[in-house]
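I have placed the structure first, in the form of structure tokens, so that the comments after it can refer back to it.
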Amino acid sequence: MKAQVCCSLIAVLLCLSVYLSTTDAKKLVTGNGEAQPKKAKPGVCPIFNLDGAVFKACLEMCSHDGNCPNDDKCCSTGCGHQCMPPYKEKPGVCPKINLEDDMIGDCAELCSQDGECPDDEKCCSNGCGHQCMPQYKEKPGVCPSSNLKLGACAEMCSQDGNCPNEEKCCSNGCGHQCMPPYKEKPGVCPKTNPQDAIIGLCVELCFQDGDCLNDEKCCSNGCGHHCVSPYKEKPGVCPNSKFGIGVCADMCSQDGECPNDEKCCSNGCGHHCVSPYKEKPGVCPNSKFGIGVCADMCSQDGECPNDEKCCSNGCGHQCTAVSKVKPGVCPKRFPGVGLCKGLCVNDIDCPKDEKCCSTKCGRECTPPFIVIPDLCLKPNVC
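FYI, in mature numbering (1 follows the signal peptide of the UniProt record, and there is no 0) the residues of the sequence shown are -25 to -1, 1 to 357.
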């Protein structure tokens, strides 16, 4: 009887074990009866370093990625398994090996992933094995254009690091060689006429300033590019304009678009070609501080009517009639000294503070003689 009870108990335990195993298995089976694979998280486990095996606990802390939080993966420690962040490749690019050498490093695998390298070094091929190397960094600058020239069909370099100083590894049209980087020439390209959709040949006669001779630049002609002299601003100053006194249209954009000595100037609302500002002849009368209105009624002679000039009134500026006679006295002349030519008529014909003085035979501009008053001529002074 006891034997029958014992056998029955064993049978029940076996049935329960089979039931539990079957129940667990159903959790991993789809409706089609196919086993559901445990999904692995994206990424790769970091490679286990054998040197650290003695420090790793031989524990099975996980069995698959699903046991790990966030993006951690279930990875081998060399003796067990535990959750670890996935391996991430360091940014940057490995330097290329010298194309002329079949092997430039030891034929040994000194690393297998970037994570085994210090700082920002990467695990790179040395031509035969792998080792930690500083990542390749491209030198600043741009390679000169190779469209218009053809060089030796040989690979003299493969990257900027093969070149000395600031030189870069650039295409010569058929191969690669070390060249100084392209540098844009100083100056500005002249603008094309905005009224013309196409004013030049639709041909690319240059690609960079370096394709042009001397100080010429590679500029657009409205449809293609060609070498032209850089834009140069014409001498002179634009006359002042008051806001809103001109047509609100841009009739020009640079001095080069204007005829003769005219400049492209603002008219207060747009731009148009005008003659540069020229100071009127004559000299402003002397003024004492504080005798005029403290307001700038003008800023240039061109804003004044007729022959008036924009002069200081002691506190501001206003249009004023010029002095016909400049201050000072003509120096005395010795007989027979001076040119017998009429080089001026009055003081206004002379530059700066010079006066139109007689030469006993003609007239010429001469620095004035400044008379210093004698205080002793006044009574009760000396």
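Glycine included, C-beta positions come from ideal geometry on N, C-alpha and C.
All of these numbers come straight from a predicted model, not from anything done at the bench.
Comparing C-alpha positions only, which one of P93, H56 and H246 sits nearest to P214?
The residue given as residue 214 occupies position 239 in the sequence shown. Nearest C-alpha to P214: H246.
Under 7 angstroms Cβ to Cβ from C233, same chain only, skipping five residues before and after it: list those, please.
Indexing the sequence shown from 1 puts residue 233 at position 258. In the same chain as C233, and ignoring 5 residues on each side of it, the C-beta atoms closer than 7 angstroms to its own belong to C227, C239 and C248, in chain order.
6 angstroms CB neighbourhood of E159 in its chain, flanking five on each side removed
Position 184 of the sequence shown, counted from the first residue, corresponds to residue 159. Cβ neighbours of E159 beyond the five flanking positions: D184.
Suppose the cutoff is 6 angstroms on Cβ atoms and the five residues either side in sequence are ignored; what does the same chain contact list for G231 look like?
Numbered from 1 along the sequence shown, position 256 holds the residue referred to as residue 231. So the list reads P165 and Y206, once near-sequence residues are dropped.
What number of angstroms, rounded off, separates the C-alpha of K192 from the C-alpha of D186?
The residue labelled residue 192 in the question sits at position 217 within the sequence shown. The residue labelled residue 186 in the question sits at position 211 within the sequence shown. Their backbone Cα atoms lie some 8 angstroms apart in a straight line.
Between which two residues does the beta strand (DSSP E) containing H200 stretch?
Here residue 200 corresponds to residue number 225 of the sequence shown, with the count starting at 1. Counting along the chain, the beta strand (DSSP E) containing H200 begins and ends at H200 to V203.
Please list the segments of the alpha helix (DSSP H) lying wholly inside the segment 245 to 273, counting only runs of 4 or more residues, in order along the chain.
DSSP runs (the alpha helix (DSSP H)) wholly in the segment 245 to 273: none.
Name the DSSP beta bridge partners of Q106, please?
Taking the first residue of the sequence shown as 1, we reach residue 106 at position 131. Assignment of beta-bridge partners to Q106 by DSSP yields C99.
From C92 to P60, what does the alpha carbon distance come to, in whole angstroms?
Within the sequence shown, numbered from 1, the residue matching residue 92 stands at position 117. Within the sequence shown, numbered from 1, the residue matching residue 60 stands at position 85. Cα-Cα distance, rounded: 17 angstroms.
On the criterion of 16 or more Cβ atoms from any shown chain inside 10 Å, does N288 qualify as buried, or is it exposed?
Position 313 of the sequence shown, counting from 1, holds the residue named residue 288. By the neighbour-count rule (16 or more Cβ atoms within 10 Å), N288 is buried.
On the DSSP letters alone, give me the boundaries of the beta strand (DSSP E) that E339 sits inside.
Residue mapping note: residue 339 aligns to position 364 of the sequence shown, counting from 1. Residues R338 to T341.
Whole-angstrom distance between Y62 and C149, CA atom to CA atom:
Counting from one through the sequence shown, the residue named residue 149 turns up at place 174. Counting from one through the sequence shown, the residue named residue 62 turns up at place 87. Taking the straight line joining both Cα atoms gives about 40 angstroms.
C-alpha distance - S133 paired with K112, whole-angstrom precision:
For this step, residue 133 is matched to residue 158 along the sequence shown. For this step, residue 112 is matched to residue 137 along the sequence shown. The straight-line gap separating the alpha-carbon atoms of S133 and K112 is approximately 13 angstroms.
Using the beta-carbon count (16 or more within 10 Å), is P256 buried or exposed?
Position 281 of the sequence shown, counted from the first residue, corresponds to residue 256. By the Cβ-count criterion, P256 is exposed, with fewer than 16 other Cβ atoms from all chains shown falling within 10 Å of its own Cβ.
Where does residue 362 fall in DSSP's three states?
Here the chain has residues from -25 to 357 only, and residue 362 is not among them.
Excluding the five sequence neighbours on either side, which residues of its own chain have a C-beta within less than 6 angstroms of the C-beta of F344, listed in chain order?
To locate residue 344, count along the sequence shown from 1; it is residue 369. V304 and P306, listed in sequence order.
Quick check on E237: does DSSP put it in helix, strand or coil?
Counting from 1 along the sequence shown, the entry for residue 237 is found at position 262. DSSP places E237 in coil when its eight states are reduced to three.
When you compare only the Cα positions, how much space is there between D282 and P156?
What you label residue 282 is simply residue 307 of the sequence shown in a count that begins at 1. What you label residue 156 is simply residue 181 of the sequence shown in a count that begins at 1. Cα to Cα, the separation comes out at about 57 angstroms.
Neighbourhood of C294 by C-beta, 8 angstroms cutoff - its chain only, sequence neighbours within 5 removed:
To locate residue 294, count along the sequence shown from 1; it is residue 319. So the qualifying residues of the chain are M272, C273, E278, C279, P280, E283, K284, C285 and C286.
Rank S121, C340 and L314 by C-alpha distance to the C-alpha of P326 and give the top, closest one.
Within the sequence shown, residue 326 is the residue found at index 351, counting from 1. P326 has its Cα closest to that of C340, out of S121, C340 and L314.
Under the rule that 16 or more other beta-carbon atoms within 10 Å means buried, what is N137, buried or exposed?
Taking the first residue of the sequence shown as 1, we reach residue 137 at position 162. N137 should be labelled buried.
State yes or no: is the C-beta of G18 within less than 8 angstroms of the C-beta of K48?
Taking the first residue of the sequence shown as position 1, residue 18 is located at position 43. Taking the first residue of the sequence shown as position 1, residue 48 is located at position 73. Contact: yes.
Taking only three categories from DSSP, how would you classify E113?
Locating residue 113 in the sequence shown gives position 138, where the first residue counts as 1. Under the three-state reduction of DSSP, E113 is assigned to coil, being neither helix nor strand.
Hey, could you find the ends of the beta strand (DSSP E) Q229 is sitting in?
Within the sequence shown, numbered from 1, the residue matching residue 229 stands at position 254. Under the DSSP assignment, Q229 falls outside any beta strand (DSSP E); it carries neither an H nor an E label.
Beta-carbon of K316 versus every beta-carbon of chain D: anything under 8 angstroms?
No chain D is present in this structure, which holds just one protein chain.
Assuming Q293 is part of the beta strand (DSSP E), what are its boundary residues?
Residue mapping note: residue 293 aligns to position 318 of the sequence shown, counting from 1. First-last of the beta strand (DSSP E) with Q293: H292 to T295.
Taking DSSP's pairing of strands, which residues face residue 383 in a bridge?
Here the chain comprises residues numbered -25 to 357, so residue 383 is not present and cannot be evaluated.
May I ask you to list the residues that DSSP assigns as paired with E84?
Here residue 84 corresponds to residue number 109 of the sequence shown, with the count starting at 1. Beta-bridge pairing links E84 to H105.
Proximity to K316 [Cα-Cα], best of C332, S204, G211 and P302:
Translated into positions along the sequence shown, residue 316 becomes position 341. K316 has its Cα closest to that of C332, out of C332, S204, G211 and P302.
With 16 as the cutoff for other CB atoms within 10 Å, does P139 come out buried or exposed?
In the sequence shown, counting from the first residue as 1, residue 139 sits at position 164. Counting Cβ neighbours within 10 Å, P139 comes out exposed, since fewer than 16 surround it.
How about C86 and C69: do their beta carbons lie closer than 8 angstroms?
The residue you call residue 86 lines up with position 111 of the sequence shown. The residue you call residue 69 lines up with position 94 of the sequence shown. Pairing C86 with C69 gives a Cβ-Cβ distance that is not under 8 angstroms.
Cβ-based burial, V258 [other Cβ within 10 Å; buried from 16]
Here residue 258 is taken as the residue at index 283 of the sequence shown, counted from 1. Residue burial annotation: V258 is buried, with at least 16 other C-beta atoms found within 10 angstroms of its C-beta.
Thinking C-alpha only, which one of F182, N321 and P251 is nearest K209?
Locating residue 209 in the sequence shown gives position 234, counting from the first residue. Restricting attention to F182, N321 and P251, the CA atom closest to the CA of K209 is found in P251.
G90 to C103, Cα distance in whole Å?
The residue labelled residue 90 in the question sits at position 115 within the sequence shown. The residue labelled residue 103 in the question sits at position 128 within the sequence shown. Distance from the CA of G90 to the CA of C103, rounded to the nearest whole angstrom, comes to 20 angstroms.
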